[in-house]
Each structure stands twice: as structure tokens, then as C-alpha cells.
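Take a look at the structure below.
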Amino acid sequence: DPDQTITYIYAVYCLTTGARDAHNPPRNPIAERRMAPPRLHPLLLLLVWSATAASRRQHHGRQQYLDEFSGLGDGEGTPLLRRHNDEEEAAPIDALSRDRDATPMFMSHGGLGDRLEAERRDADLDFSHTRHSLDMDRGVPVEFTHEDSKFPEEGSGEAERQDSLVVDTNKGKVRGVTLTASTGKLVDAWLGIPYAQKPIALPLYIALSLPLSPGSLRFRHPRPVDRWDANGEIHNATKMPNSCVQIIDTVFGDFSGAEVWNPNTPLSEDCLYINVVAPKPRPKSAAVMILVSEENIILVSMQYRLASLGFLYFDSSEVPGNAGMFDQLMALQWIHDNIHNFGGNPNNVTLFGESAGAVAVSLHLLSPLSRNLFSQAIMQSGSPTVPWGIISREESVLRGLRLAEAVNCPHNKTEIHLVIECLKTKNATDLVYNEWGTLGICEFPFVPLIDGAFLDETPHKSLAAKNFKKTNILMGSNTEEGYYFILYYLTELFRKEENVYVTREEFLQGVRELNPYVNNVARQAIIFEYTDWLNPDDPIKNRDALDKMVGDYHFTCNVNEFAHRYAETGNNVYMYYFKYRSANNPWPSWTGVMHADEINYVFGEPLNPGMNYLPQEVELSRRMMKYWANFAKTGNPSMSEDGTWTATYWPVHTAYGREFLTLDVNSTETGRGPRLKQCAFWKKYLPQLISATRECILPYFRGYLLLFGVLGDHTTSHQGGMEERDSLGQYFLQFFIKINIVFI
């Protein structure tokens, strides 16, 4: 039944420069103290994504962007993107969903002050990642081998009849390759299918003489690729495509725990490609998901521009911002139009992402342009309300000017056209390696915007107004989300070695450095909340408190908030809390279950015999893969497509109960939260405290200033000694402000 199958588009959005996520730290001295990325899957090229931003674009409406897209069309007069109507939304297929008439789904997978407001079923397809897993000469992962090494001669009818790997798309035919997974399973793969024109840069003298040349597409929204079959050509989709330009993590040298996240194909601006992997024999109208071939799953991964190349903004048609999000949108449209030719169901797609990738997925839930292209969503360790996901248009322009200055381009705000012309001529690598300045932890230079086209309003406003896609979601976080980022940000204090301890003074200094945008009152409140007052000098508890502080604020509490908002509207929400640390984890033992540690279990890496995982770890991976596959097919992680249930029941997360399921090798317990008290601190108490101190301190400050100004004048005219009197006045002024703060 085609209505019971899914297309699972997977996109692990690695954090990188300019789109800087948790995962690809910069190399320059100022930014050396930042972070690194999630594990790259061998067969798919994982998406590298920029943290999302929100700010209102007031001068250019959505229709302008739609006109630009639809005017290009698909070469046959068909608009490329359509503004959806509410009735057109692809709805969840969850058997428990209130939308009984829903069409099936699509599936796919990274400053506080003002921002605060189970079962075993063998899965015989494993795309697990290993270091240096890609044979760069062939462009195929080492764990996979060519089953068919010879291709029929291109363009011949006999070749097409003999070659079952030739598939039609709306731009021409593509030829794939059969690969063998490490488990022995055969799969058909089409690697590097272009979905957009190459947004590459050209020398200035060429770009200026050819205004519509590919070079003029740098920073612009994508344009659909031209047909390639004018003379009967077949596109060879047999090698992994280039990775989009990004910073390579070298902070810890060749340390496997960090190096494993780096791209495994060459970096290039020519990177807008899609990869499709299907079980062999190929199913018809099958579920398209990652890893589990028994589930009739097809994998689709897409690449898009990151960093300044994908998210630079100058309020100009040449640099409109959100280019990376529109890349994703064009890729989703391509999948919707073509996946049926690969054995997938275009009406059954679930978006899936991790970290900044989860933020990207959540933005598609909010975007009016994306809602008709998928049905459900999975978000791991991320939501649209993360504090690092939003900057204003004004701030984005300033960062763009700083980048221009760093690469020796004009950087005057009144001469933006000169800035743009110069930036278009610069080497792409030079751009991404000069993006980083003195940003705080988890801050990324170039992120999406509220442009009036892809997004209408900030995520907080959308959630408050319930202006989002009503559907099923699955999301969660890990127990030690903060350590990964702290290791890159506080490198001197948190060394990559065992036996790291934090004194009380180091804890206080850490709170100051990790919360640079709050006033002292708020900072003292944070210290109070995260101090173990029975053991305030305990170096282990102080160390772990910094992890929880960063993890709660930047990840866990935002996941909780988004899940709660969705549950309030009656959507089916499933929450998890991942608690297992792999025995072969190369990071120091005190780092616990870090950000992104769940990814290899969702990928099925433990199923690879060569990775030497423990039997209980293999079982956990199978269980998690089953949950993810069930959710993709039925909208319920506990219920299989045939109506059977898993051994462990995953409760629905309600607005009242806030239930979650623990994912661990020896535990399937359920709980409420997680970390509700700490999240109430960040989301409720601290914003009110900051607001109250601003409202109360400033009026008193003005009054005292006037009082002591008069006192200073009086004492000076009658007694002299102005310096002493003014100093005395300042002393009392500070004293009364402190009293005021105390009573607040």
C-alpha cells in the first residue's frame, strides 16, 4: 500500500564555520576555543548546517522570493515552489493522530540577557562510519564495495534495458551503483545527483562580463539545475560529491573523537547534490529511511551551502540571506518530484536532524514554504528556540562587514554594492576561515533570518501563536550536552585528559565566561542555581555543574520548551533522554554522554562487526533504529507497520505529564521532564529577574545621580574638596544600588 510507506530523508547537519554548530571549530587563534561536529556517515554526505536565526525582513516580501523561484520553474513551465494552503499540508500518518484524513509523510535528518524571554529485530543494512572510510579515488566508502563494476555504454537503448540502475528524473536519467554494506547487505545508490546550479565564484572580470553566469550565484538563492540529457546523456551518479566549504577541525590534531566529524570528500562551492540509497532488490513505493533495510527504507541525504556562503545577508537581491535554507527547500522539492522513480513514496516524508540540524528541521515546521513537503519530524538535541539560533538582520549585516574587513574588502555600510562585488571574488576558504571573532560559546557568525519569505516571525512568536505545522514529532537530548562545547571553549581549564577538576574559583570564573551577556544579578542567580550547597568546594560537582549549566540553557530546556508547545496543541509528541556512554568512547570518561553521542546508535554503527561494540550496545542500537523506523511509518515509535508493539512502551509526552523514555542499555524507564526545575529557572525565573532588575535599578539610579550631583555642587561651592565629595557621592550611590538589588 503506497499510503503506508515513507520516504526518509536524512540530513545530519554538522556544525561548521559560518553555520557554525557544535561541531567544526575554527582554526584561527581567536576562535580556537570553540567547538567541533557530529559524525559523518560514510555513505551519505552529512549535511552541514548553520544555526538558525530569526529577525524580521520588512522590505522584501515572500512573494518576491516565490516569484524568483517560480519564474525559473523546472524548465517545463512548472513553478518550483508553491505557497501552500493549510489544506495542502502533508499531514502525519500516525494511527493515533487526530488528523485521520492525513496524507502520508516524508522523512529527513546539528547572549542570554536579551534572548532569555525494544526490542531486537535484525537490521542487516549498516551505514556505519569509520575514520578515513572514504576511498577518495573511487569516491565510495571503504566499507562498501562495487557489486557492478562495469557500466553499459552510455546513451544506448540496450544499456538502459540491461542497467536497472538507470533511473529517470525530471532533469534527465541518472545511473547508480550497487554497493555492499559491511553486514553483507546489497544496496543500490545514486550519489551526487545535482538539484541546483553550481553557486561557484568566478574571477571578477568574468563575473562582471557575464551577469547571469554561475559566478553571480554565490550568496544568491539557488536556481534549478538545467537538463543534462539533450543528447541522450546519462548522469553517472556513482561517486560521492564534494562537501560544501567549511572549517576543518584541527583543534585536537588527529584525535579520533574530533577528527571523525570532518568531511570525507573534497571541499568545494560546487556541492549542491543529493544522494539516494535503496535496498536491493529495490522496493516499490517504499519507506525511505536510514539504516534499516528490513523496513523497506530508502535513504536520501542532501547538501546545502553553509557559513557565509549560505547565510551572508546584506538586505540585497544579490545577498538576500537564507540561501542555505532555500537550498534545503529546493532539495526537498526535488525529492518530492523524483523520489517515486527510486522506489520511494513522495507523500510520505519525515524530516530528521541533530543539533543545528534539529534546528533546521524545526524551522521547516514553522516555515509556510516547507509545510507541504513533509509530514512529521524528528529532532535530536535542538529546537528553534535555542539561544544561538537567532540574530537580527542588523547584527547579520555588521558581521558581514566585519568579514569583508577581515578579507581586505571595502566594508563601508553605505557602499554595500562594493562590499558584495569584492566578496564574490574572494576564495571561499578564505571567507569561512575569517568569519570568527570574539563570539561566546555556541554562537555562530552567519545564521538564517526572519526574511518574510521562508519565515514570517521569530520562533517564539510562532509557538505562542500556534503558527506551526500540526503534526507528530519525536525529540530529545543527552545527559551531558554541555561538555562537548566547553572542551572547545575553555580549553585551558577543561583539558582533554582524565582527572580534570574545577575549584570553586574556577567554577565562578567559568560561569562568568560562559554567560557573557547577563548582568551581575543574573549571574549570581545562575551561580546559586548550579551550586551544590552541601559541597560547594567539591571539584567534581563544580566541573559537572558547568556542563549542566551549558547543556540546560543551550539544548535540553529548548527541546523541552518546543515539545511542551507542541503537546499543548494536541499533537503526538515523543520525548527521549539518552543516557548511555559507549565503552569505546575516546573522550575522557568524565565527559559522560556528550552532545551527538546518540547519532552512531541511530545510524547503526554498532552493527558493524569491525567497530567492536559490545553486545548490549548492538542491542541498544537495534532498539533505537526500530523506534525511529516505527515513528516514520506509523507516527508512533512503539507501533510497527503491521500493528505489533515493541516490548517497551514509549508514552506520549503530554503538556501535563511531560513524559519521556530513557534510552540506555539497561534501562527503559520513563520519567517526567527531564530537568524541569532547571528549565523553569532558565525559561521563567531568570527572564523575570533580569526584567525586574532593569525596570527597578534604572529609575533609582537616575534619582540618586541627581541627588548626589546636587550634593557635589553644594559641597564644592561651599567647602571645596570636590574629588572627595564626588567620591563619597559615588560610594553612597553604589551602596544604595546594592541595597536596591538586594531588596529586588
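So the sequence shown is numbered by this note's numbering: it starts at 451 and just counts up by one.
Each residue gets a CB set at the ideal place from its N, CA and C atoms; glycine is no exception.
Please read all numbers here as calculations on a predicted model, not as lab measurements.
Practice task
For residue 826, write down the residues that DSSP places opposite it in a beta bridge.
Solution key: Under DSSP, residue 826 forms a beta bridge with 800.
Problem - Distance between beta carbons of residue 1098 and residue 1197, contact taken as under 8 Å - result: Absent from the model: residue 1197. The displayed extent of the chain is 451 to 1194, so no value can be given.
Handout entry: Coil, strand or helix - residue 1028 by DSSP
Key = Reduced to three states, the DSSP call for residue 1028 is strand.
Problem - 6 Å CB neighbourhood of residue 1077 in its chain, flanking five on each side removed - result: Excluding residues within five positions, the ones whose Cβ falls inside 6 Å are 1087.
Exercise for the section: Quickly, what does DSSP pair residue 725 with across the bridge? List them, please. Expected result: Partner(s): 751.
Practice task
In angstroms with no decimal places, state the Cα-to-Cα distance between residue 849 and residue 896.
Solution key: Each residue's alpha carbon lies about 8 Å from the other.
Handout entry: Residue range of the unbroken alpha helix (DSSP H) whose run includes residue 1110
Key = In this chain, residue 1110 is not harboured by any alpha helix (DSSP H); it is covered by the beta strand (DSSP E) spanning 1109-1113.
Practice task
Going by CA-CA distance only, name the one from 1024, 618, 817, 786 that's closest to residue 1105.
Solution key: Of the candidates 1024, 618, 817, 786, the one whose C-alpha sits nearest the C-alpha of residue 1105 is 1024.
Exercise for the section: Quick one: residues in its chain with C-beta nearer than 8 Å to the C-beta of residue 1117, no 5 flanking neighbours on either side, listed in chain order? Expected result: For residue 1117, same chain residues with a beta-carbon under 8 Å away, outside a window of 5 residues either side, are 1029 in chain order.
Exercise for the section: Would you check whether the ligand NAD has a heavy atom nearer than 7 Å to the C-beta of residue 1110? Expected result: Only the bare structure without any ligand can be found here, which leaves the ligand NAD out of the picture.
Handout entry: Proximity below 8 Å, CB of residue 909 to CB of residue 835
Key = Taking C-beta atoms as the reference points, residue 909 and residue 835 count as a pair closer than 8 Å.
Exercise for the section: Between the Cα of residue 1071 and those of 916, 1050, 724, spot the shortest distance and give me the residue it belongs to. Expected result: Among 916, 1050, 724, the Cα nearest to that of residue 1071 is on 1050.
Exercise for the section: Tell me whether residue 480 is buried or exposed, calling it buried when 16 or more other Cβ atoms sit within 10 Å of its Cβ. Expected result: Reliability of the predicted coordinates at residue 480 is poor, the pLDDT of 31 falling under 50, and the value obtained from them is presented with this limitation in mind. By the neighbour-count rule (16 or more Cβ atoms within 10 Å), residue 480 is not buried but exposed.
Practice task
Alpha carbon to alpha carbon, how far is residue 894 from residue 940? Give it in angstroms, no decimals.
Solution key: Cα to Cα, residue 940 sits roughly 17 Å from residue 894.
Practice task
Just confirm the distance between the C-beta atoms of residue 833 and residue 812, as a whole number of angstroms; I'd bet it's less than 8 Å.
Solution key: A Cβ-Cβ separation of about 5 Å places residue 833 in contact with residue 812 under the 8 Å criterion.
Handout entry: Helix, strand or coil at residue 636 according to DSSP, with G and I counted as helix
Key = In the structure shown, residue 636 sits in a strand (DSSP, three-state: E or B).
Exercise for the section: Specify whether the segment 1122-1137 and the segment 991-1007 touch according to this definition: at least 3 beta carbon pairs, one from each stretch, less than 8 Å apart. Expected result: The count of Cβ pairs closer than 8 Å, one atom from the segment 1122-1137 and one from the segment 991-1007, reaches three, so the stretches are in contact.
Exercise for the section: Can you give me the start and stop residues for the beta strand (DSSP E) that residue 1195 sits inside? Expected result: The chain is shown only over 451 to 1194; residue 1195 falls outside these bounds and no answer can be derived.
Handout entry: Three-state secondary structure (DSSP) of residue 1007
Key = Under the three-state reduction of DSSP, residue 1007 is assigned to helix.
Handout entry: Distance between residue 992 and residue 982 (C-alpha atoms, nearest Å)
Key = Rounded to whole angstroms, residue 982 and residue 992 show a C-alpha spacing of 8 Å.
Handout entry: Local Cβ density within 10 Å of residue 672, reported as buried at 16 or more and exposed below that
Key = When all chains shown are included, residue 672 counts as buried.
Practice task
Report yes if the C-beta distance between residue 784 and residue 724 is below 8 Å; otherwise report no.
Solution key: Yes. Within cutoff.
Problem - First through last residue of the beta strand (DSSP E) which encompasses residue 927 - result: Here the beta strand (DSSP E) through residue 927 covers 923-928.
Exercise for the section: Identify the continuous alpha helix (DSSP H) that holds residue 869 and give its terminal residues. Expected result: In the DSSP assignment, residue 869 falls within the alpha helix (DSSP H) that extends over 866-873.
Problem - Span of the beta strand (DSSP E) around residue 1121 - result: Per DSSP, residue 1121 belongs to the beta strand (DSSP E) from 1120-1122.
Practice task
Could you check which residue in 952, 900, 1089, 872 has the C-alpha nearest to that of residue 985?
Solution key: Of the candidates 952, 900, 1089, 872, 952 places its Cα closest to the Cα of residue 985.
Problem - the segment 813-825 touching the segment 910-919, judged by at least three CB pairs closer than 8 Å - result: The segment 813-825 is in contact with the segment 910-919.
Exercise for the section: May I ask you to verify whether the segment 636-644 touches the segment 764-773, counting CB pairs closer than 8 Å and requiring at least 3? Expected result: Touching, no.
Problem - Residue range of the unbroken alpha helix (DSSP H) whose run includes residue 1050 - result: It spans 1049-1053 - the alpha helix (DSSP H) in which residue 1050 sits, taken as one unbroken run.
Exercise for the section: Pick helix, strand or coil for residue 437, following the three-state DSSP scheme. Expected result: Beyond the ends of the chain as shown, which are 451 and 1194, falls residue 437; an answer cannot be given.
Problem - Below-8 Å beta-carbon distance, residue 1108 vs any chain B residue - result: Among the chains of the structure shown, chain B does not appear; only one protein chain is present.
Exercise for the section: With distances taken Cα to Cα, identify the nearest neighbour of residue 708 among 716, 699, 715. Expected result: If we check each option's Cα against that of residue 708, 699 comes out closest.
Handout entry: Beta carbon of residue 803 nearer than 8 Å to that of residue 777
Key = No, they are not a contact pair.
Handout entry: Selected residue, minimal CA-CA separation from residue 1061, among 938, 627, 633
Key = With distances taken between Cα atoms, residue 1061 lies closest to 633.
Practice task
Name the residue from 843, 838, 715 whose alpha carbon lies nearest to the alpha carbon of residue 1196.
Solution key: Residue 1196 lies beyond the residue range present for the chain, which begins at 451 and ends at 1194; the question has no answer from this structure.
Problem - Straight-line gap, residue 1001 to residue 618 (C-alpha atoms, nearest Å) - result: Cα atoms of residue 1001 and residue 618: separation of roughly 46 Å, rounded to the nearest angstrom.
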